[in-house]
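Enquirer: Below you will find the structure I want to go over with you.
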Amino acid sequence: MELYNTLSKRIEEFVPENGVVKMYTCGPTVYHYAHIGNLRTYLFEDVLEKSLRYLGYPVKRCMNITDVGHLENDSDDGEDKMLKGAKREGKTVWEIAEHYTNTFFKDCEKLNIQKPEIVEKATDHVAEYIQMIQALEAKGYTYFAEGNVYFDVSKITGYFELSGKKEEDLKVAVREGVSVDQNKKSPFDFVLWFTKSKFEHQAMKWESPWGVGYPGWHIECSAIALKYLGERVDIHCGGVDNIFPHHTNEIAQAESYLGHKWVDFWCHGEHLNDQSGKMSKSKGEFLTVSLLEEKGYNPLCYRYFCLGSHYRNQLVFSYESLEMASKAYEKLINRIKEMRSIEEEGKTDPERVEVYRRKFKEALANDLNTSNALTVLYEVLKDETMSNHEKLNLVDSFDEVLSLSLTEEVNEEKITIGEQMVMLINAGEEKEELLALVDLRMKAKQEKDFSRADALREKIEALGFLIKDGRDQILVSRK
RNA sequence: GGUGCCAUAGCCAAGUGGUAAGGCCAAGGUCUGCAACACCUUCAUCAUCAGUUCAAAUCUGAUUGGCACCUCCA
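In this note's numbering, the protein residues as written are 46 to 524.
Rendered as structure tokens:
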């Protein structure tokens, strides 16, 4: 598989160190709802994991839940995000963390994002952080100033490798609202452990050799990854914003701790933007999965929308685009549903099937070209030399990666009313009622009472079904 | 100020030197009592300029425009 590696800035052949791919993905900070931009990264990671499996690599994946408060910035005047969330909602930080962790996974579920095999909370690993920081301290990579333990960037080389920046080019505190921590020897030094809290009600704090406090915001991922995946990680993912400083600092501390290279591939997902730029929780409309649902969109439309683009391209969200994706997705689903309802004894050309399977794999193996993978899906649907049965086998197989719920079981039933064949798809409990309406409508049509027939069609639609007058049969399917 | 990414039809988007995939929309048509669905047909020379080459959307340089990163962030 070919994958873009942020470390080398190029596409490289990915080969796991030993058989199983050890994959670490930075998880959410659970202080608020995730917006669909946040979710785009998890979507990318989901597709990556599933693609690896599809291509034959077993995957062991770990993700953290950041439930410990991170400061809004590294200096003294930032606000603690968890605490801010708690204040906003009148809950304890622990309640906030639990609530938003749950909603995060619910959102993921709606987008068919599989929960990673290992999910670990930051607050459950304080002992590991302390142990790691102590080890770094013993090796001389840290210093203590004004109550906080800092990582000393000057002690290592290659600090800027991942970000591809030059130290002299980096401006400190260039963004508004970011101020410089005067205790640092170098502006790039970062906090490993805080003991100084200006928050009187700081709820999350722990005993440590440096005093009561809480961990810095880079140490958790490294420590959790080390504990569950061992000393070498094949792929470490996150959003592009994590490249600097989060992942940069992770490399610094983890490799200093280990004394050798830690992560082989760094993979980053680009952001979802709105028309004015990067989507954020504080600016513009707060686009959540629930909001999309409220507006009548199936969350999987959003998944389809993202799959149509490349994970390393910035993608601009607009309702127009979502609408397009939504239509395309519904069409796709209906087309496949219909295919399932039509029995067809076809001739088999195994080579043909293999060609598509190979093309699909090639698309994925080409740095996750999901857009082309979707094209292969459409090619399969269009292929006239294959039977529906074979096509559906491929569709089901592709959906292991695409996860667009293309494989949904169709409950079909053929019923003859008089001379007319009626095909019911997913009729469920409304079956009898539907049949009665279909029957009435047929009679109305025979009597050329079209206004009555139309009224009956509307009734059927009101029940949530579509009726199609085909040549050989009337098709009634759930919308 | 520094750095990086990007610019393909109304929209999304593939393409990485050999003459523009795919999807949505739109238009015309077949079917239909009408409609929906389905199906068929049509719909771009790739931001601009210059260069390299037998050949460029694809390489080089410049220009213009957009976005991002430079300690909240996916």
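Here a beta-carbon is modelled for each residue, glycine too, at the ideal position from N, C-alpha and C.
Starting from residue 175, follow the alpha helix (DSSP H) in both directions and report where the run begins and ends.
Expert: It spans 171-183 - the alpha helix (DSSP H) in which residue 175 sits, taken as one unbroken run.
Enquirer: In the DSSP assignment, what are the bridge partners of residue 66?
Expert: Looking at the DSSP assignment, residue 66 forms a beta bridge with 104.
Enquirer: Taking the alpha-carbon positions, what's the residue 488 to residue 514 distance?
Expert: The straight-line gap from Cα to Cα measures roughly 14 Å.
Enquirer: So what does DSSP say about residue 504, is it helix, strand or coil?
Expert: Helix at residue 504.
Enquirer: Taking the alpha-carbon of residue 148 as reference, which of 80, 352 and 434 has the nearest alpha-carbon?
Expert: When each option's Cα is compared against that of residue 148, the closest is 80.
Enquirer: Residue 301: buried (16+ other C-beta within 10 angstroms of its C-beta) or exposed?
Expert: With 16 or more other Cβ atoms within 10 Å, it is buried.
Enquirer: Mind checking residue 119: buried by the 16 CB within 10 Å criterion, or exposed?
Expert: Because the pLDDT at residue 119 is just 47, under 50, the model does not fix this residue reliably, and the value given afterwards should be weighed accordingly. Result: buried.
Enquirer: To the nearest angstrom, how far is it from the Cα of residue 469 to the Cα of residue 476?
Expert: Answer to the nearest angstrom: the Cα atoms are 8 Å apart.
Enquirer: Whose C-alpha, out of 241, 240 and 216, is nearest the C-alpha of residue 232?
Expert: It is 216.
Enquirer: Please report the distance separating the alpha-carbon of residue 507 from that of residue 250.
Expert: Distance between the alpha carbons of residue 507 and residue 250: 56 Å.
Enquirer: Indicate whether residue 266 and residue 71 have their beta-carbon atoms separated by less than 8 Å.
Expert: Against a cut-off of 8 Å, the Cβ pair of residue 71 and residue 266 comes out as a contact.
Enquirer: Residues in the same chain with beta-carbon distance under 7 Å from residue 209, minus the five sequence neighbours each way, listed in chain order, please.
Expert: So the qualifying residues of the chain are 54.
Enquirer: Per DSSP, which residues does residue 235 bridge with? Please list them.
Expert: Per DSSP, 196.
Enquirer: Starting from residue 164, trace the alpha helix (DSSP H) in both directions and tell me its first and last residue.
Expert: Here residue 164 belongs to no alpha helix (DSSP H); instead the beta strand (DSSP E) covers 163-166.
Enquirer: Can you tell which of 277, 386 and 338 has the C-alpha that lies nearest to the C-alpha of residue 453?
Expert: Of the listed residues, the one whose Cα sits closest to residue 453 is 386.
Enquirer: Tell me the DSSP secondary structure of residue 288 in three-state form.
Expert: Helix.
Enquirer: Quick one: is residue 305 buried, meaning 16 or more other Cβ sit within 10 Å of its Cβ, or exposed?
Expert: Result: exposed.
Enquirer: List the endpoints of the continuous beta strand (DSSP E) containing residue 469.
Expert: It spans 465-470 - the beta strand (DSSP E) in which residue 469 sits, taken as one unbroken run.
Enquirer: Return yes when the Cβ of residue 436 is within less than 8 Å of the Cβ of residue 425, no when it is not.
Expert: Yes. Within cutoff.
Enquirer: Looking only at its own chain, which residues have a Cβ that is under 6 Å from the Cβ of residue 360, when we skip the five neighbours before and after it?
Expert: So the list reads 317 and 354, once near-sequence residues are dropped.
Enquirer: Report all residues from its chain with a CB closer than 6 Å to the CB of residue 370; omit the five preceding and five following residues, and keep chain order.
Expert: Answer for residue 370: 346, 349 and 350, listed in chain order.
Enquirer: Taking DSSP's pairing of strands, which residues face residue 34 in a bridge?
Expert: For residue 34 there is no data in the structure shown, the boundaries of the chain being 46 and 524.
Enquirer: So does the region 286-297 actually touch the region 333-341, counting three or more Cβ pairs closer than 8 Å?
Expert: No, the region 286-297 is not in contact with the region 333-341.
Enquirer: Would a C-beta distance cut-off of 8 Å place residue 382 and residue 455 closer than the cut-off?
Expert: Against a cut-off of 8 Å, the Cβ pair of residue 455 and residue 382 comes out as a contact.
Enquirer: Which same chain residues, not among the five before or five after residue 344, have their C-beta less than 7 Å away from its C-beta?
Expert: If we look at residue 344 and ignore the five residues flanking it on each side, its Cβ neighbours are 155, 156, 334, 337 and 338.
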